[in-house]
Every structure is written in structure tokens, then in C-alpha cells.
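Everything on this sheet refers to the single structure shown next.
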Amino acid sequence: MTTGVGITVTGQATGLFPALSLPLRAGAWTCLLGPSGVGKTTLLRLIADLPAHVDFSGDITAEDDQPLPGRIAYMAQSALLLPWASVLDNVTLGAKLRGNRADRDRALNLLSRVGLADHAHKKPAALSGGQRQRVALVRTLMEDRPVVLLDEPFSALDAKTRAEMQELAMELLQGRTVLLVTHDPSEAARVGHAIHVLSETGLESVAPPNAPAPRAVDDPETLTATGALYSKLRGAA
Amino acid sequence: MTTGVGITVTGQATGLFPALSLPLRAGAWTCLLGPSGVGKTTLLRLIADLPAHVDFSGDITAEDDQPLPGRIAYMAQSALLLPWASVLDNVTLGAKLRGNRADRDRALNLLSRVGLADHAHKKPAALSGGQRQRVALVRTLMEDRPVVLLDEPFSALDAKTRAEMQELAMELLQGRTVLLVTHDPSEAARVGHAIHVLSETGLESVAPPNAPAPRAVDDPETLTATGALYSKLRGAA
Amino acid sequence: MTRLRNGFAAALLLLAIWQGLIWVLSPPKFILPSPALVAETMWKSRALIGEHALITIYEVGLGLFFGTLFGIVTAIQLATSPAARTLLRPILAFSQAIPVFALAPILTLWLGYGMLSKVVMAVLIIYFPVTSAFFDGLMRTPAGYLDLARTMGATNRRILWHIRIPAAVPSLGSGLKLAAVYAPIGAVIGEWVGASKGLGYLMLLANGRAKTDLMFAAVLVLGALSMALYIAVDAGVTRYLKRRES
Amino acid sequence: MTRLRNGFAAALLLLAIWQGLIWVLSPPKFILPSPALVAETMWKSRALIGEHALITIYEVGLGLFFGTLFGIVTAIQLATSPAARTLLRPILAFSQAIPVFALAPILTLWLGYGMLSKVVMAVLIIYFPVTSAFFDGLMRTPAGYLDLARTMGATNRRILWHIRIPAAVPSLGSGLKLAAVYAPIGAVIGEWVGASKGLGYLMLLANGRAKTDLMFAAVLVLGALSMALYIAVDAGVTRYLKRRES
Amino acid sequence: ADKMTVLLDWFINPDHGPLIVAEELGYFAEQNLEVEIVAPADPADPPKLAAAGKAELAIGYQPQLHLQIHEGLPLKRVGTLVATPLNCLLVLNDSPIKSPGDLKGKKVGFSVAGVEEALLGAIMAPHGLTIDDIELVNVNWSLSPSLMSGQVDAVIGAFRNFELNQMEIEGVDGRCFYLEEEGLPSYDELIYVANPDLMDKDMIARFLAATEKATQYIINHPRKSWLIFRDTSPELNDELNAKAWVDTLPRFALRPAAVDAGRYARFETFLKDAGLVPSVNPVDMIVMDVTE
Ligand SMILES: Nc1ncnc2c1ncn2[C@@H]1O[C@H](COP(=O)(O)OP(=O)(O)OP(=O)(O)O)[C@@H](O)[C@H]1O
Ligand SMILES: Nc1ncnc2c1ncn2[C@@H]1O[C@H](COP(=O)(O)OP(=O)(O)OP(=O)(O)O)[C@@H](O)[C@H]1O
Ligand SMILES: [Mg+2]
Ligand SMILES: [Mg+2]
């Protein structure tokens, strides 16, 4: 099984966020919250070594001192499905792009686990917004990478589907280093092993509940953490 | 001031939802929830008289028996900003498309109220996901229509911005007939004058809190309604 | 089906305009013969025209095939290699700017008066529009897809194959539609410069003998051919693009 | 700047290939004269060539302007009116397929021997690529934008103006790039139809006399002209498209 | 001054000497004429345009005129520019083709479509060959290049005063079979044609008078007239034109308006016998004397 690697992000982006240090613990889910436009997506792009519009000065290093590119799976904020490829083909895109045999069985299995078994051969244009987001999630889960960056992966889903997807992701990404950007405090409280709030003034950490994730949403401890997050967020922007 | 008109949707969409009747009370906010892919967006498109992929048999009628087209503002699930137009131009698009003078002052005022005063002259490509959604919201608010359809308008926003946007929308759409699709039960409990859950088996209503909307999120009544919605949704899919 | 009907309607409209011109301007028949006269000539000379048309069709088919092939290959080369882009694009523009007519005599001196020189002319004439349109498409891949592919550890070749080329197919379609219209011209120019067969040859021959009616009959057949080709390519491209996203 | 440098590098490469051909094949000079000979001729005949080139440049400028204008107008017509689409598109294809030389006497009859007939030829030849590319773009407006505009109560005209046209600008750019390359050819063909001035006239004259060196000199000047035009249009379009979305 | 347009058969070359010299020496002006000289791209067009009234005069070829009249073009020959055939069957000097009989199975290039088959057929007939024994290739304007590069074995339609000199300049020797020596009736190579219904006889007569005077000048002053011709336009000043000028001089019609009716009747009969025209037109349908 692929196991995660710890990562530390230190540095600052001129005009966006001041000097900060964001540790991503190996094998844990780190949640990142913060007001819209504060730079969460930008931070993810920097980690994924994608072109970003800011001047970033700092370091993004893995514990094992190996280069990061090639070890990261990135699920962007918009689904970015290829409109000409079927859902199944979209989901197996990574393998095709790397020239590997696409694991169609696994893809079909995951699609049925996100409730899209009947949609495997449709084109993205025939999907609803939430269905598209789930396809993008499955595509990311198909990537067998030690580090996984998720940018608001559940934002278009209803509460029930969202909870199921959280559980599925936690199960399948067991042992990986995950950075999850979310706007939903209860989501962070449910899945986070570490929770950080990004604001214009820097990064603040919030203690996650002690129970092992995923936690029950209505567990008192989870509710407390959710409440604490809410008040932190209210002050943040 | 533009005042809303009541609308009744009755009918069924083959293969999607069975016979249902959805009343939109004049001047009130009606919230629609339901699992991803159940047909919420489709329903909105039907009301807005846009091409939908289903066979719908039924009636969508206004209380005053006047035709609906031309009286509806529709905010789609994706932001759909014109990439070549500045934020300000995107926001005043409706006026330009109708050949009216664009009310730039109002537009700038609304943009500053959603926290985007500094971004008015940027192009959409330079915005974050949540910023784009707010621009689309402002564009919809600029439309002075008696009926407003909002498809997950706050999904990409952090909790604080979301609450602010809800309040802004409620203020500005005072008296209009609003249909809000959302995945967030607490949002529905906060702003809904009527709340419905769409599922494969039909439409179910949930009683909204009695307090005038927008309600405080942590008001016990709101929490109760949120909880009730959660359990209904859990059973729905 | 509708397309065929449209083509037919368009043909009728053209005929009407033509007849209208005859009525209004009454140009001498050795400059613009009447539709009726041309139709009569076309019918009488159907064997002759048919024989020459077959040759031209053959040349057009080959030209279209190779021109499209080379255009696609070049566009891909250009899109993948900045070095190729630097050097080849101006050369392409330059080569295109040299009127094929000017090169045609020299080309025929090299390639002879057989079918080869005509196919080469057709290839030359469609090469640029196909290359140019497809290349533009390849360079306009949405940035999000490219970012995605990069994080997936794709090689440039595979990005090209699985993302950039499919994303550029609509542009290639535009190029193909242009090619469908230009390939017949290329072949005819080739025939015009030197040939002993084909519609272009027949046109020149008829023109030289002041048989304007026969010339117009040949012109019409060529036009109908191109129109049919265009309609077919347009229909094919449109249907393909529609299908592949639904 | 880089574009200019690239153009220059490309020109050098072309020269090298040409000289290589001369060395390897040593063709007789009436088939392919050497670069040195052509350069010498070009220098000796600079006044002659310059005089004719000016005429051609003027024709190209006018042709480009009107061809682009008509192309844009036609594409918009086609895109807005299904009736126009039904009839005009096949006719457009048909009109392109009719070899100009068949029309030459008619054109001369109507337009005379002056500059007008050449400008009309240049217009005719770039009309189709511009129309076709822009039309394709206009028909490919993302459906979401159109839905949005519909709910906003827009008239078709305003949708066109504020949404479909801006969305089709990249396609129009592709068309303009083709036009930049084709306009000079159009003018030259127009000059062939009957002229006493211009680079096309000079080429034919030189060709008819087997003065291949002078013909190549004229061809080179024409090619350089087109290349410059293409580079300028390409740079303009690229920069505009980049700017307008950032 | 009366304005008139004259369409040439091809770019200005020594064949057009009388027109250029008349213009340069002011002979047209003397006749109160203002002449615009226009060169076409396709020699098939000028007669059509003259017939359509777009020009007062066009320069054409006699053999073509016979066909054009049969095709219904309202045209008549009103004057003669070059009074002998210029056309010849051209082969390389070292070609194995020693007589038209050796053409069997060969490729023969031609440029102006029209009567080439007839002319070729006529000179091959005495050798027992027909047009089906050869492959005819339209080489458009590359007559000598196509021959020199070996793409064809012979070309018909080459002008003896032009292509031979051109090949000599390129260092390749050519050999001509003169059509009128191979059994063809003689004819006028270059003639002026006009639409008899539209023309102004007096104006054409004045035009012909001016060119007649110019022709006399050319014959009397071959060297000086060459300098005049050469200096009208820089592109005319080259070796080929200098050589062609000398070879063309003796062939200009000294009496451009004069009609040799028998010549046209003979050629018309020849075309009928060759099956190229369906009937024999009377001579006065083909030619006219504008000075009458
Ligand atoms: N263009 C289309 N063609 C075919 N099927 C479609 C099309 N658009 C949507 N569907 C299907 O119709 C169903 C309803 O889609 P709709 O977009 O209305 O869902 P939704 O309730 O809005 O979901 P979400 O919450 O995910 O946005 C889905 O199963 C979807 O796959
Ligand atoms: N391409 C770009 N050019 C210029 N500015 C940009 C660009 N992309 C983003 N920005 C700006 O950078 C800031 C941070 O953007 P980013 O997308 O990282 O925000 P975010 O925290 O992900 O917000 P959201 O929660 O709304 O997605 C925003 O103010 C945005 O306007
Ligand atoms: Mg973001
Ligand atoms: Mg939806």
C-alpha cells in the first residue's frame, strides 16, 4: 500500500499571505479553511508545482528529501472533466496519460461506490453538478499517490452523499498525506487530524477532536470543534 | 419595488421525478434540497423555460396567469462568467443585453458589499472560485426580476462570507419569489419560508422555523429544523 | 438528408440568380451562357465531362488525403516543438504566400504532366489551412486540462494524444471544411498548368475553342463536386462533434 | 521582436535549403536559378520590382480590408439566420470552387481592367476563409452563456453582440491569419486576370519569357511581403487574445 | 481625341512592335486617337471581350477566328499585324524526330487550346498518322521549358521568332518544323478582330493607318525602332526581345488593312475538311476591309 510522506510548507506569497509554516503530517488528513480569496487554491497549486500567479518565496519540502513532483494527486476546485471522454475514460485518464494499463475494474467499482455505476458510459455533459464532482473525486482516488490535495472536493454534494464520500475517501486514502481545502467547519471537524485556518494575517491552528476520524457529525466533541471553528472563521475575514 | 408573483409547478419528468406539486409562495424564499442528481437543476431549468433533457409533462403557472418568461432571474450552478469581460462588465451584462443603461453605481456598490470592490476591473480568470461565485450572485441581484432562481449560489463560500451573502440576498430580494437550491440544511433552515426535499419518490415538505428569516444559525429553533432536515435527507436517497 | 435538400435549394437559388443575370444584363452568350444552354451542353457532353471529372475526383481524393495527413502531422510538430515553431511557421506562411500558380509551372517541370503534379498542387493548397487551423486549436488547450495532466505525471506525447488533440478536433474540423473547398481548386490549377485530362484541362480546352457553354458545364460540374464534398465534410464534422460530447 | 528574429532565421533556413538544392541537383537556371543570381537580379531590377510591389501592396491592403469586412458580415448573417445558412453556405462553397479564370472575362466585362478587378479578386479569395472560420466560432458559443442570455431577456441581436461575437473572436483570429496569407495571392491572381502593373503581372511576364530569375525575385518579394503581413497579424491576434482575458 | 482600347494577345513583345512604335512616335495622336493597350493573362479572352464591346480591337490568331465565328462570336478580322504563320512544331535539335512522321507515340505540348490538333493532324496526315497516335499535353505557358526539361518530346504553338531565341539563350538548340512547309495552307498569325456590329470603321481605319506608318518606320529604321521599343518600359529591354525583334521585322504586315480573301477561304475549307468546323462560312463573314 502506498504510504504518505510528511511535507512542510514554509514561506510567504507577496500580497497574498504572510510568512507561514504549514506542516502536513505523514499519513494524516490536514484541513485548510479560510475566507474566500485568501489564497487556499494558490497554496495547493504551489505544492502541486503548478504555475501560480504569485511570487512565492519559501520552501516546500518532503520529509524524505525526495522531490515532490510525481508523488502528488490534485483534485482542483472545478471538476475539469474532458467533455469528449466518457465518465469511465475520464476516471482512467491518469493511467492512460502515464501509459499504464487502465484498471477498469477498479474504476467501475469506485464509480459504483460513489453511486454512478449507471453513468459510467455517459459523457460529462449529461451529468449533474454533484455527479461531475464525484467523477473528479474518483479520478483523483484512482491516482495512487502518497500525497493528495483536495480543493473543496465535496462542495456540490448533498449532506448524505457528502458524508458517504468523506468516508469513502478516508478509507481509500488511508495512510496517505491528505490536504483538504474546505469551507465546511463540520467537515473539517469530522475528518481532520489537523485543522488550520488561513487568513490575511497568517495561519492559525485549531485543535481537532480526539476521536479517530471519520467522526460522527453529531458527536459532542465534533460539535464543539465545529463551533470553535465557526467562531474562529467569523473572526478571520 | 419589484414584488414577487406566486408560482405553482405541477407535473412529472419521465425517468427523473414522479408527479409532484411545488408551490412557490409570492414574496417568500422556498428552499429545495435533495440528493445529487435527483433533478433539482432540471426543475429550475424547466421553470426558467430553458432547454432541459427530460420529458416534462405538467404546468408551470404564475398566480396572475401572465407568462413567466421575462420575469425570472436565474443563477446557474456554475458561475458562467464571460472570460473576456471585466467583473464590472459581467455584472452589468443583463442591462447591456436588454439594451438598457447599465447602472454602474449600483453594480460597484453591490460588488463592494460582496467584498469585491478591489476586483471590479479584473477579468474572471484572476478570481478565486468563491469570488467568481459572488460575481455571479451580484449579476443575478442586478436583475430586477419578481422571480429569482438560485442554484447552489453559496456552495463555494466560507461560512462567514456565506452568512453575509445570505443576508445580503435576503435584503435585496425582499418581496421577490425566490427558489433556492441548496445542499446545506442549515442554510435552508436559516433562510427558508418553505422547505422541500426532492427525492426519487417525490417531494416532501419540512416545516421551517417560525422566526423571521434570516434566522440566527445557532438559534435553537433553527438547529432543530436543521436536525430534522438532516434526518429527512439521510432517508431521502 | 436536410443537408442534401439544402444543397439542392442552394443550387436552385444559384440557378435563379444566374438566370436573373441573363435576363437583366443579357450578357453575350460567349461570356455568360444561359443555364438552359449549359444544361443542354452538359447533357450532350455527359460522357466527355464524366470521363474528365473522374480524373479530377481521383486527384482531389488523393490530394485531400495527403494534404490533410501532412497538415495534421505538421500542426502536431509545430505544437510540440518550440524550435519547429520558431522556424517552420514563417516558412509555412512564406511558402503559402508564393502563389501556387507561380510555382506550378516549375513543379510540373519537375514532376511531369501526369497525375502527381496535380495531387501535389491539391496537397499544397490545402496544407496550409489544415495546418493553420489545427495548430491554432492545439495551442488553445484549456489551461486546467494541462495542469491536471501535469500533476498526473503525463509525458508531453501522451498529453498531446489524450488531451490536446481531442481538444483541438473542432478546429481541425474547421480546417477540413476549408480543405474540402480548396482541394478541387488545387487539382484544377494543376491541370490548368499542364495536363491532358481532367476538368481543368477540359475547361481550358473549351475556353480556347470559344465553347463557353462547355466550359461552364465543366465549371458547374466542378462546383457541384466541391459543394457535395463540402456538404459531406461539414455534415461529418458536425455530427462527429455533436456525438462525441453526448 | 522575437517574431521578427524568428522570421529572419526562417528566411536564412529557406535560403540554405534553396542553395542546397542548387548544389545537389544543379538544375538548369530556367528551372531553378541560384539564390545569388536571383539576389543579383533583385538588386538590378529593384526599381522595377519596387514599382510593381507598391501596386500589389495597395491592392492587398484594400482587399484585406474589404474581404475581412464582408467575411465578418456574412458570417454574422449566416449565424443569425437559419434561412441564410441553409442557402448561403453551399453557395459559398460553390463560389469558392469556381476557378477564377472562368470568371475572369465576366469580371473584366463588369469591372474593367483597373485596380477594382484585382481588389475584387483579393476580396473573393479571403472572403471564404474569414467567413468560414468566424462562422464556425459563432456557432460554437458555449450553451451556458446562451441560456444565461435568454433568461436575461436578451434579443438575438444583443446576444450576438455581447456574447457570440466575443466568444468567436479566437476563431476570427484564425481566419484573419489565413486571410493575411491569402490576400496577396488573391491580388496576384487578380493581376493575372488582366493587368499591366503589379507583382503578379511581373511574374507572368518573367515566366512567359523564361526569365526565371526575375520571376523568382518577384516571387520572393511577394513572399516576404506576405510573411511580414502574417507575422504582424499573428502577433496582433495572439497579443489581443492574451490581453483580453487577463 | 477618340479613345480606344486594344487588347493584346499576350504581354507586350516584339510582335506588338507597330503598336508601340506608333504610340511612341505619336502616330496615334496624329490620327486623333488615344490608345490604351491592355495585356490579358489568357489569350482566349481578348476576342471575347472585343466581341462583348469591352474593347474596340483585340489581337487574335487567324485559325482561332474561324472557330470563334462558328461558335457564334460576333467578330471579324479588320486588320493584320503579322502576315505569316509564326507557329511551328518545335523539337530539340538532337531529337530523333526528323519529320512529323516520327511523332508516333510521343508527347506533344501545346499552350493555346483550339486548333492545335487540327494543325498537328494536318501535318501528320501525309505520314499516315492521326492525332490519336500522340499524347497531347496542355503545358500552358511553359512551351520551351517543358521541352528543354524533357517533359514533352515536342511542342506545337511555339513562335519561331520567340521560342527558338529563348532556347538559344538558355544554351539549348531547338529545331522548327514550319507548318506551312509541311502541307498546311498559309495564314495570318496575328490579326486585329472587332465586333462588326459595334465598331467604328473610321476609327479602326485611322488606327490601322497609324500602325502602317509605324511598320514602315520599323522596316526603314530597324535599329532605331528597336531602341524606341526597348525604352518604353524597363522590362522590355532584354536579350530575348533584342533577338526576337530582328526575327520579327520581316513578318509584319506592310498593309495591315489589306485583305487576302483567298487565304481565309482556303483556311476555312481546310478546317471543314479536317472536321473542325461543321460548314464553310463565306469569306465576307470572316474578314472585312475597313477602308472600303
Ligand atoms: N444533458 C443531459 N443529458 C442527459 N442526462 C442529463 C443531462 N443533464 C442532467 N442529466 C441527468 O439528469 C439527472 C438530474 O440532473 P440535475 O442536474 O437536475 O441534478 P441535480 O439535482 O441538480 O444534481 P446536483 O445536486 O448534483 O446538481 C442526473 O441524473 C443527470 O445525470
Ligand atoms: N490568475 C490570477 N491572476 C491574478 N490574481 C489571481 C489569479 N488567481 C487568483 N488570483 C487572486 O489571488 C487571490 C487568491 O486566490 P485563490 O484562488 O488562491 O483563493 P482561495 O482561497 O482558493 O479562494 P476560494 O475559497 O474562493 O476558492 C484572490 O484574491 C484572487 O483574486
Ligand atoms: Mg479556491
Ligand atoms: Mg444541480
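Order-wise, the sequence lines are chains Z, D, G, H and L.
For the first sequence, the working numbering assigns the number 5 to the initial residue and increments by one for each residue that follows.
For the second sequence, the working numbering assigns the number 5 to the initial residue and increments by one for each residue that follows.
For the third sequence, the working numbering assigns the number -17 to the initial residue and increments by one for each residue that follows.
For the fourth sequence, the working numbering assigns the number -17 to the initial residue and increments by one for each residue that follows.
For the fifth sequence, the working numbering assigns the number 36 to the initial residue and increments by one for each residue that follows.
From the three backbone atoms N, C-alpha and C, an ideal C-beta is built for every residue, glycine too.
This structure is a prediction, so every number in the text was calculated from the model and none was measured.
Exercise. Does D195 (chain H) get closer than 8 Å to chain G when you measure Cβ to Cβ?
Worked result: On the fourth sequence, position 213 is the one that residue 195 (chain H) refers to. With 8 Å as the cut-off, D195 (chain H) does not count as an interface residue toward chain G.
For this session: From the DSSP output, read off the bridge partner residues of W33 (chain Z).
Result: Here the question's residue 33 (chain Z) lines up with position 29 in the first sequence. Beta-bridge pairing links W33 (chain Z) to Z:V182.
Problem set entry | Option nearest A29 (chain G) by Cα separation, candidates G:L160, G:V203, G:K224 | Taking the first residue of the third sequence as position 1, residue 29 (chain G) is located at position 47. Ranking G:L160, G:V203, G:K224 by Cα distance to A29 (chain G) puts G:V203 first.
Problem set entry | Listed by chain order, chain H residues near R180 (chain D) by CB distance under 8 Å | Here residue 180 (chain D) refers to the residue found at position 176 when the second sequence is read from its first residue. Going along chain H, no residue has its Cβ under 8 Å from R180 (chain D), so there is no contact; the nearest lies around 15 Å.
Problem set entry | 4-residue-minimum alpha helix (DSSP H) runs that sit fully inside the stretch 214 to 251 of chain L, ordered along the chain | Here no run is fully enclosed.
Exercise. Can you give, in chain order, each stretch of the alpha helix (DSSP H) that sits fully within the stretch -8 to 70 of chain G and has at least 4 residues?
Worked result: Entirely contained in the stretch -8 to 70 of chain G, the alpha helix (DSSP H) runs reaching 4 residues are, in chain order, 17 to 26, 28 to 62.
For this session: Tell me whether T46 (chain Z) counts as near ligand 2, meaning its Cβ is closer than 7 Å to at least one heavy atom of that ligand.
Result: Position 42 of the first sequence holds residue 46 (chain Z). Answer for T46 (chain Z): yes, Cβ within range of ligand 2.
Problem set entry | Three-state class that DSSP yields for E151 (chain L) in the structure shown | Mapped onto the fifth sequence, residue 151 (chain L) falls at position 116. It is helical.
Problem set entry | Cross-chain neighbours of A150 (chain H) in chain D, by beta carbon under 8 Å | The sequence position of residue 150 (chain H) within the fourth sequence is 168, counting from 1. Under the 8 Å cutoff, chain D gives no residues; its nearest Cβ is about 11 Å from A150 (chain H).
Exercise. G205 (chain H) lies in the alpha helix (DSSP H); which residues open and close that run?
Worked result: Indexing the fourth sequence from 1 puts residue 205 (chain H) at position 223. That run of the alpha helix (DSSP H) goes 194 to 226.
Exercise. Hey, would you say the C-beta of H123 (chain Z) is under 7 Å away from at least one heavy atom of ligand 1?
Worked result: Taking the first sequence and counting its residues from 1, the one referred to as residue 123 (chain Z) is at position 119. H123 (chain Z) Cβ: within cutoff of ligand 1.
Exercise. Looking only at C-alpha atoms, which of D:K236, D:S203, D:A211 sits nearest to A23 (chain D)?
Worked result: Here the question's residue 23 (chain D) lines up with position 19 in the second sequence. Comparing Cα-Cα distances from A23 (chain D) to each of D:K236, D:S203, D:A211, the minimum goes to D:S203.
Exercise. Counting only beta-carbon atoms, is M134 (chain G) nearer than 8 Å to chain Z?
Worked result: Counted from its first residue, the third sequence places residue 134 (chain G) at position 152. Chain Z contact via Cβ: present.
For this session: Have a look at A57 (chain H) and S63 (chain H) and give me their C-alpha separation to the nearest angstrom.
Result: What you label residue 57 (chain H) is simply residue 75 of the fourth sequence in a count that begins at 1. What you label residue 63 (chain H) is simply residue 81 of the fourth sequence in a count that begins at 1. Straight-line Cα distance between these residues: approximately 10 Å.
Problem set entry | Where N173 (chain L) falls: helix, strand or coil (DSSP) | Stepping through the fifth sequence from its first residue, residue 173 (chain L) is reached at position 138. Note: N173 (chain L) maps to strand in three-state DSSP.
Exercise. What's the call for P72 (chain G), buried or exposed, on a 16-neighbour Cβ count within 10 Å?
Worked result: Residue mapping note: residue 72 (chain G) aligns to position 90 of the third sequence, counting from 1. Looking at its Cβ environment, which holds 16 or more other Cβ atoms inside 10 Å, P72 (chain G) is buried.
For this session: Take D324 (chain L) and list the residues in its own chain whose beta-carbon comes closer than 6 Å to its own, dropping the five residues that flank it on each side.
Result: Here residue 324 (chain L) corresponds to residue number 289 of the fifth sequence, with the count starting at 1. Answer for D324 (chain L): V294, listed in chain order.
Problem set entry | Integer Cβ distance of G43 (chain D) from R29 (chain D), believed to fall under 8 Å | Start at 1 with the first residue of the second sequence, and residue 43 (chain D) comes out as number 39. Start at 1 with the first residue of the second sequence, and residue 29 (chain D) comes out as number 25. The distance from the Cβ of G43 (chain D) to that of R29 (chain D) is about 21 Å, inconsistent with a contact at the 8 Å cut-off.
Problem set entry | Contact residues within the stretch 157 to 170 of chain L, judged by C-beta distance below 8 Å to chain G | Using a CB distance below 8 Å, the part of the stretch 157 to 170 of chain L facing chain G consists of E170, ordered along the chain.
Problem set entry | Run of the alpha helix (DSSP H) containing E274 (chain L), from where it starts to where it stops | Here the question's residue 274 (chain L) lines up with position 239 in the fifth sequence. Boundaries of the alpha helix (DSSP H) around E274 (chain L): 274 to 283.
For this session: Throw me the rounded Cβ distance for the G2 (chain G) and M209 (chain G) pair, which I believe falls under 8 Å.
Result: The sequence position of residue 2 (chain G) within the third sequence is 20, counting from 1. The sequence position of residue 209 (chain G) within the third sequence is 227, counting from 1. Between M209 (chain G) and G2 (chain G) the Cβ distance is about 20 Å, and since that is not below 8 Å, they are no contact.
Exercise. Of all the options Z:D59, Z:G19, Z:S159, which has the alpha carbon lying nearest to the alpha carbon of L244 (chain Z)?
Worked result: No statement about residue 244 (chain Z) is possible, as the shown extent of chain Z runs from 5 to 241 and does not include it.
For this session: Could you have a look at D109 (chain Z) and say whether DSSP puts it in helix, strand or coil?
Result: Within the first sequence, residue 109 (chain Z) is the residue found at index 105, counting from 1. In the three-state DSSP reduction, D109 (chain Z) falls in the helix class (H, G or I).
For this session: Entirely within the stretch 28 to 99 of chain Z and at least 4 residues each: give me those alpha helix (DSSP H) ranges in chain order.
Result: Entirely contained in the stretch 28 to 99 of chain Z, the alpha helix (DSSP H) runs reaching 4 residues are, in chain order, 44 to 51, 91 to 95.
For this session: Kindly list, in the order they appear in chain G, the residues whose Cβ is closer than 8 Å to that of A80 (chain Z).
Result: Residue mapping note: residue 80 (chain Z) aligns to position 76 of the first sequence, counting from 1. The answer, in chain order, is G126, D129, L130.
For this session: Note down, in chain order, all residues in the stretch 160 to 183 of chain G with a beta-carbon under 7 Å from any beta-carbon belonging to chain L.
Result: Within the stretch 160 to 183 of chain G, those residues whose Cβ lies closer than 7 Å to any Cβ of chain L are, in chain order, W174, V175, G176, A177, S178, Y183.
Exercise. Is H187 (chain D) close to chain Z, meaning its C-beta is less than 8 Å from at least one C-beta of that chain?
Worked result: If you number the second sequence from 1, residue 187 (chain D) lands on position 183. Judged by the 8 Å Cβ criterion, H187 (chain D) is in contact with chain Z.
For this session: Note down the Cα distance separating A241 (chain Z) from G134 (chain D), rounded to an integer number of angstroms.
Result: As a working mapping, residue 241 (chain Z) is identified with position 237 in the first sequence. As a working mapping, residue 134 (chain D) is identified with position 130 in the second sequence. Only weak support is given to the placement of A241 (chain Z): the predicted model assigns it a pLDDT of 44, under 50, and the value that follows is read from those uncertain coordinates. Taking the Cα positions, A241 (chain Z) is about 14 Å away from G134 (chain D).
Exercise. When burial is assigned at 16 or more other CB atoms within 10 Å of the CB, is P150 (chain Z) buried or exposed?
Worked result: On the first sequence, residue 150 (chain Z) is found 146 positions in, with the first residue counted as 1. Burial call: buried.
Exercise. Would the beta-carbon of V139 (chain Z) be found less than 7 Å away from any heavy atom of ligand 1?
Worked result: Within the first sequence, the letter at position 135 stands for residue 139 (chain Z). The beta carbon of V139 (chain Z) sits no closer than 7 Å to any heavy atom of ligand 1.
Exercise. Hey, V201 (chain H) and I80 (chain G): beta-carbon distance below 8 Å or not?
Worked result: Here residue 201 (chain H) corresponds to residue number 219 of the fourth sequence, with the count starting at 1. Here residue 80 (chain G) corresponds to residue number 98 of the third sequence, with the count starting at 1. The answer is yes: Cβ separation under 8 Å.
Exercise. Is there contact between the stretch 38 to 53 of chain L and the stretch 89 to 99 of chain L, where contact requires at least three CB pairs shorter than 8 Å?
Worked result: Yes: at least three Cβ pairs fall under 8 Å.
Exercise. Do the stretch 13 to 30 of chain G and the stretch 163 to 172 of chain G meet, that is, are 3 or more Cβ pairs less than 8 Å apart?
Worked result: At 8 Å Cβ cutoff, the stretches do not touch.
For this session: Please list the partners that P87 (chain D) has in chain H, where partner means a Cβ-to-Cβ separation under 7 Å.
Result: For the purposes of this step, residue 87 (chain D) is taken as residue 83 along the second sequence, with counting starting at 1. Neighbours of P87 (chain D) on chain H, chain order: E227.
Exercise. Going along the stretch 118 to 132 of chain Z in order, which residues come within less than 7 Å of chain G, judged by CB to CB distance?
Worked result: When CB distances to chain G are screened at a threshold of 7 Å, the residues of the stretch 118 to 132 of chain Z falling below it are K127, A129, A130, in chain order.
Problem set entry | Run of the beta strand (DSSP E) containing A193 (chain L), from where it starts to where it stops | Taking the first residue of the fifth sequence as 1, we reach residue 193 (chain L) at position 158. Element bounds for A193 (chain L): 189 to 194.
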